[in-house]
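Presented below is the structure to which this report refers.
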Amino acid sequence: MSALQPQPRSYLLSIPPEIRSQIYIYILTSSLPLKGPNARKFTGETYDIHTSILRTSQQIHAEARHVFFSRNTFHITSLPHQHPSPETDDDDQGSGAFEPPLQLKDLPLVRSLQLDLVYWPRRLRTHTGSDGLGWRPLSISAERYVSSLSFVLGAVKESLVRLKFVGDVRPYMYQDVAMGEADGKDAAEDEDEGLDVKKMLTGFHVADTNSRFRSALGEVKVAEVGMRCDFLDSYFEFGVEKDVVLRSGLVYLVGQVLIARSEARMNAVLRELEVKEGDEEE
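Every number in my numbering is 1185 more than the matching position in the sequence shown, counting from 1.
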């Protein structure tokens, strides 16, 4: 029985460490936040990175892994249940899975994170407040997703430098508008026909009322967090102190975005009417 032949030493290891580090940065970092495959279906984003180098050798993997996780921004989105039952009123079968699938051993290396809190249930169930006012969503899957995000925040609380909360409803608006067209509705009459505000706010509402999520957010070592909401016709992005998020709530902040968007759309309509009136006078 012949002995196993030793693997040839990679040429990369003969290069000085500081130069190797620059090579890792060049081939393993992206200027765009890294999303999972489902999230990229709508945006069509591609990344010019080459993770195959992580499989070259144990030493290269150990060196390059730190660069990959610490120098990229990871954009986490909910991963819907792949085979939902048509009998369920909500996506109760969802496991709380998310993408990209970051592992526990890698999370402490992550320094920049974006959490998309949109969880878009197929059928939304709500509960009226005890005083007859307000509402809250009833979604087991959304609860599971937010619990998963609580775990992620707990794992990165010491290493995280940048945190952003995202509400990207574009894929869901597009789907709902398309479904409306398939049902014979004229979706072109109002672009907002595809925006169900309560569905958009479901994940944010659950996060606001989830004690583990709020506790994990409070322990993250950042003073300010980013907020971004993406719609089919516009986006809104701003920074806010973490204490304000904990005190006022994510639903309140996203609600302010929705109000600002409505005002912007109304102003655009008024400007269009003024232009038409001017053309008629001429």
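Where is the CB? At the ideal position from N, CA and C, for every residue including glycine.
Nearest neighbour of Val1303 by Cα position, chosen from Tyr1420, Leu1443, Cys1414, turns out to be Cys1414.
Membership of Ile1204 in the alpha helix (DSSP H) is indicated by the continuous run 1202-1213.
Between the C-alpha atoms of Thr1313 and Phe1336 there is a straight-line separation of about 29 Å. Restricting attention to Lys1349, Ala1327, Ala1340, the CA atom closest to the CA of Met1385 is found in Ala1327.
Rounded to the nearest whole angstrom, the CA to CA distance from Ala1282 to Val1351 is 17 Å. Where Val1337 is concerned, the enclosing alpha helix (DSSP H) starts and stops at 1325-1341. Going by C-alpha positions, Tyr1209 is about 48 Å away from Arg1310. Note: Trp1305 is not bridge-paired with any residue in the DSSP secondary-structure output. For Val1430 against Leu1438, the beta-carbon gap comes to about 7 Å, under 8 Å, which counts as contact.
Between Phe1398 and Leu1435, the gap from beta carbon to beta carbon reaches 7 Å or more. For Leu1431, the enclosing alpha helix (DSSP H) starts and ends at 1427-1433. Between Thr1258 and Gly1221 the beta-carbon gap is near 13 Å, outside 8 Å, which marks them as no contact. Beta-bridge pairing by DSSP links Lys1349 to Gln1299, Gly1411. In the DSSP assignment, Thr1394 falls within the unbroken alpha helix (DSSP H) covering 1382-1394.
Taking all protein chains in view, the Cβ of Pro1322 is crowded by 16 or more other Cβ atoms within 10 Å, so the residue is classified as buried. With respect to Leu1264, Glu1284 sits close: the two C-beta atoms are nearer than 7 Å.
Taking all protein chains shown into account, Arg1456 has fewer than 16 neighbouring C-beta atoms within 10 Å of its C-beta and is therefore exposed. Between Ser1215 and Ile1238, the C-beta gap is not smaller than 7 Å, which leaves the two residues out of contact. The Cβ atoms of Leu1338 and Val1382 do not sit closer than 7 Å to each other. For Pro1222, the enclosing alpha helix (DSSP H) stretches over residues 1222-1228.
Here Val1346 is not near Arg1307, since their CB atoms are 7 Å or more apart. The Cβ atoms of Tyr1232 and Trp1305 do not sit closer than 7 Å to each other. Exposed is the label assigned to Tyr1196, since fewer than 16 other Cβ atoms lie within 10 Å of its Cβ.
Under the DSSP assignment, Ile1245 falls outside any beta strand (DSSP E), being part of the alpha helix (DSSP H) whose first and last residues are 1243-1256. Under the DSSP assignment, Arg1321 falls in the beta strand (DSSP E) whose first and last residues are 1320-1322.
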